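Here the sequence shown stands for residues 1 to 159, numbered as in our numbering.
Below you'll find the structure, written out as structure tokens, and then a few comments.
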Amino acid sequence: MVAQRQSIRDLLAAHPFFADLGDRDLDLIAGCGQNRVFRPGQVLFREGDPADWFHVIRRGRIALGISIPGREDLIIDTLGPGEVLGWSWLFPPHVWTMDATALDTVHVIALDGVCLRGKCDDDPALGYSLARRFAGILSDRLASTRLRLLDIYQADPHG
Numbered sequence: 001m002v003a004q005r006q007s008i009r010d011l012l013a014a015h016p017f018f019a020d021l022g023d024r025d026l027d028l029i030a031g032c033g034q035n036r037v038f039r040p041g042q043v044l045f046r047e048g049d050p051a052d053w054f055h056v057i058r059r060g061r062i063a064l065g066i067s068i069p070g071r072e073d074l075i076i077d078t079l080g081p082g083e084v085l086g087w088s089w090l091f092p093p094h095v096w097t098m099d100a101t102a103l104d105t106v107h108v109i110a111l112d113g114v115c116l117r118g119k120c121d122d123d124p125a126l127g128y129s130l131a132r133r134f135a136g137i138l139s140d141r142l143a144s145t146r147l148r149l150l151d152i153y154q155a156d157p158h159g
């Protein structure tokens, strides 16, 4: 028996980030999407690059890091299936604030940020719904980063 391929819309509907979105909104968002695969070690984006996409992670893991002059890059988080990568496409100046690298083979739905910003401008309710979802992610990741920083400074109290 041959497995039936799911559409981008169906894949989005099954992803936790898009839970409770209506059919019309899912259709609009899916129109901006495409499937992409990144190989281990492949860079998805670098700090300072234009942030024109965000990624819905289906399989694999992605390391988020920052460059520190004169030192090895610092991995600050790792994301995997069920998560989304990138909010810089939504907020000016639309540039990445860190690097993202595939740790293993990564399958994502890449959503075109320029396309989505246009749809959000045309449909403020959709824009508000996405902004609220990303605000939740920002809040969670800031809290997580705070805890990691506390661990770092607790391990070396003299900094």
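From the three backbone atoms N, C-alpha and C, an ideal C-beta is built for every residue, glycine too.
All values derive from a computational prediction rather than experimental measurement.
#1: How is the alpha helix (DSSP H) around GLY118 delimited, first residue to last?
#2: Could you have a look at ILE62 and say whether DSSP puts it in helix, strand or coil?
#3: Measuring alpha carbon to alpha carbon, tell me which residue in LEU21, GLY70, LEU28 and SER88 is nearest ALA135.
#4: Pick out whichever of GLY65, CYS120, ALA110 and GLY70 has its Cα sitting closest to the Cα of THR101.
#5: DSSP state of LEU44, grouped into three classes?
#6: Could you compute how far the alpha carbon of HIS94 sits from the alpha carbon of ARG5?
#7: Could you name the residues that DSSP lists as bridge partners for GLN34?
#8: Since ALA100 is in the beta strand (DSSP E), which residue starts that stretch and which ends it?
#9: Grab me the residues of ASP49's own chain with a C-beta within less than 6 Å of its C-beta, minus the 5 sequence neighbours each way, in chain order.
#10: Would you mind working out which of ARG9, PHE17, PHE54 and GLU47 sits nearest VAL114, comparing C-alpha positions?
#11: Identify whether PRO50 lies in helix, strand or coil by the three-state DSSP scheme.
#12: Name the two residues that bound the continuous alpha helix (DSSP H) containing LEU90.
#13: So, with DSSP's three-state summary, where would you put THR105?
#14: Closest to LEU116 by CA distance: which of ILE76, PRO40 and GLN34 is it?
#15: For ARG141, which residues in the same chain have their Cβ closer than 8 Å to its Cβ, ignoring the five residues on either side in sequence?
Taking the coordinates as given:
#1: Start and end: 113-122.
#2: Three-state result, ILE62: strand.
#3: Nearest option by C-alpha distance: SER88.
#4: Nearest option by C-alpha distance: GLY65.
#5: It is a strand residue.
#6: About 33 Å.
#7: Partner(s): ALA110.
#8: Residues 99-102.
#9: Contacts found: TRP96.
#10: Comparing Cα-Cα distances from VAL114 to each of ARG9, PHE17, PHE54 and GLU47, the minimum goes to PHE54.
#11: Strand.
#12: Neither: LEU90 is in no alpha helix (DSSP H) and is coded neither H nor E.
#13: Taken through DSSP and simplified to helix, strand or coil, THR105 comes out as coil.
#14: Considering only alpha carbons, the answer is GLN34.
#15: By the criterion of a C-beta distance shorter than 8 Å, ARG141 is surrounded in its chain by ASP77, once the five residues flanking it on both sides are discounted.
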